[in-house]
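Asks: The structure is given below, and queries will be raised subsequently.
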Amino acid sequence: MRTGSGLHHSDAETAVEAVLEAIANALANGNRVEIRGFGVFSAKERRSRVGRNPRTGQHVPVARKLVPMFRASKEIREALNPHEV
37 MRTGSGLHHS
47 DAETAVEAVL
57 EAIANALANG
67 NRVEIRGFGV
77 FSAKERRSRV
87 GRNPRTGQHV
97 PVARKLVPMF
107 RASKEIREAL
117 NPHEV
């Protein structure tokens, strides 16, 4: 990460950790986070359901939960798939 950024590794690590913590806090508070040119972080609800223990085959309840989601920006998707433009 140091190449081209001019930051020492520890400074870059601190900055990245601060950004990730801010994103996690925003999601925990029910907000979505958009970083233009990069993508959108959001939380999606997974409804409760009845699952199955693969070892025993026994049915087990799975509680409702929120899961983090990420949708890449158009720029990122085009960079990964340049021939689909």
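For the sequence shown, my numbering gives the first residue as 37, with consecutive numbering after it. We treat Cβ as the ideally placed atom computed from N, Cα and C, and that holds for glycine. Predicted model only: the values in this text are computed from it and were never measured.
Take Val86 as the anchor and find which of Val98, Val76, Ala79 has the nearest alpha-carbon.
Replies: With distances taken between Cα atoms, Val86 lies closest to Val98.
Asks: For Phe77, does the count of other Cβ atoms within 10 angstroms reach 16, so buried, or fall short, so exposed?
Replies: Phe77 is buried by the Cβ-count criterion.
Asks: With DSSP as the reference, label Pro118 as helix, strand or coil.
Replies: If DSSP states are grouped into helix, strand and coil, Pro118 belongs with the helices.
Asks: Please report the distance separating the alpha-carbon of Met49 from that of Ser41.
Replies: With the sequence shown as reference, residue 49 is identified as Glu, and Met is not the correct amino acid for it. Whole-angstrom Cα-Cα distance: 12 Å.
Asks: Can you tell me whether DSSP reads Ala99 as helix, strand or coil?
Replies: If DSSP states are grouped into helix, strand and coil, Ala99 belongs with coil.
Asks: Go to Ser46, then tell me how far its alpha helix (DSSP H) extends in each direction, as first and last residue.
Replies: It spans 45-64 - the alpha helix (DSSP H) in which Ser46 sits, taken as one unbroken run.
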